[in-house]
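Structure first, then comments.
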Amino acid sequence: MTSSLRHWAVFGLLMLSWACVQHRPADGTQQASLLPTIDTTGHDLNPAQAKEFIATHPGVVVLDVRTPDEFQAGHIKEATNINLYDSHFAKQLATLDRSKTYVVHCAAGLPNGRSRKAIALMDSLGFKETHHMNGGFSAWQQAGQPVVKKP
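Counting from 903, one number per residue, gives the positions in the sequence shown under my numbering.
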């Protein structure tokens, strides 16, 4: 096998493995995978810390990047819902006040999950201060924190 062909084979295998691990929403789009990822652990809060931070920082915005169905099933009081899987997510995010402080969460708060991708995009857009809630909404519920449910 020539060197050039070998490089293309390796490239193809890498692309195939990358495609296999991409998470897609139910509608089959791949919007979320086009967003940047973030590897930092700065500004991470567990649910108890997030609750205290929200209570002690007037004006903080809780940004829930789950789907509308997930949001309606239960969410943090006064949270703003912008669906990361929506094709207009970046445009919606760009309309938010970049000078405010945000606590961002998704369902599980995984290292390469929706909330981390949202924070990476927010950072690239120049948002002043973002915090990630580790464990996401699932951890918030498991910790017995208050939940608002829509009928």
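Where is the CB? At the ideal position from N, CA and C, for every residue including glycine. No experiment lies behind these values; they were computed from the predicted model shown.
Roughly how many whole angstroms lie between the Cα atoms of Leu-1027 and Ala-992? 9 Å
Do you know how far the Cα of Gln-994 is from the Cα of Pro-970? 14 Å
Return the bridge partner residues of Asn-985 from the DSSP annotation. Asn-985 is not bridged to any residue.
On the three-state DSSP scale, how would you describe Thr-958? helix
Terminal residues of the continuous beta strand (DSSP E) containing Asp-966? 963-966
What does the alpha-carbon distance come out to for the pair His-945 and His-1034? 6 Å
Please report the distance separating the alpha-carbon of Ser-1040 from that of Val-963. 19 Å
In this structure, does DSSP put Leu-947 in helix, strand or coil? strand
From Val-1049 to Phe-973, what distance separates their C-alpha atoms? 10 Å
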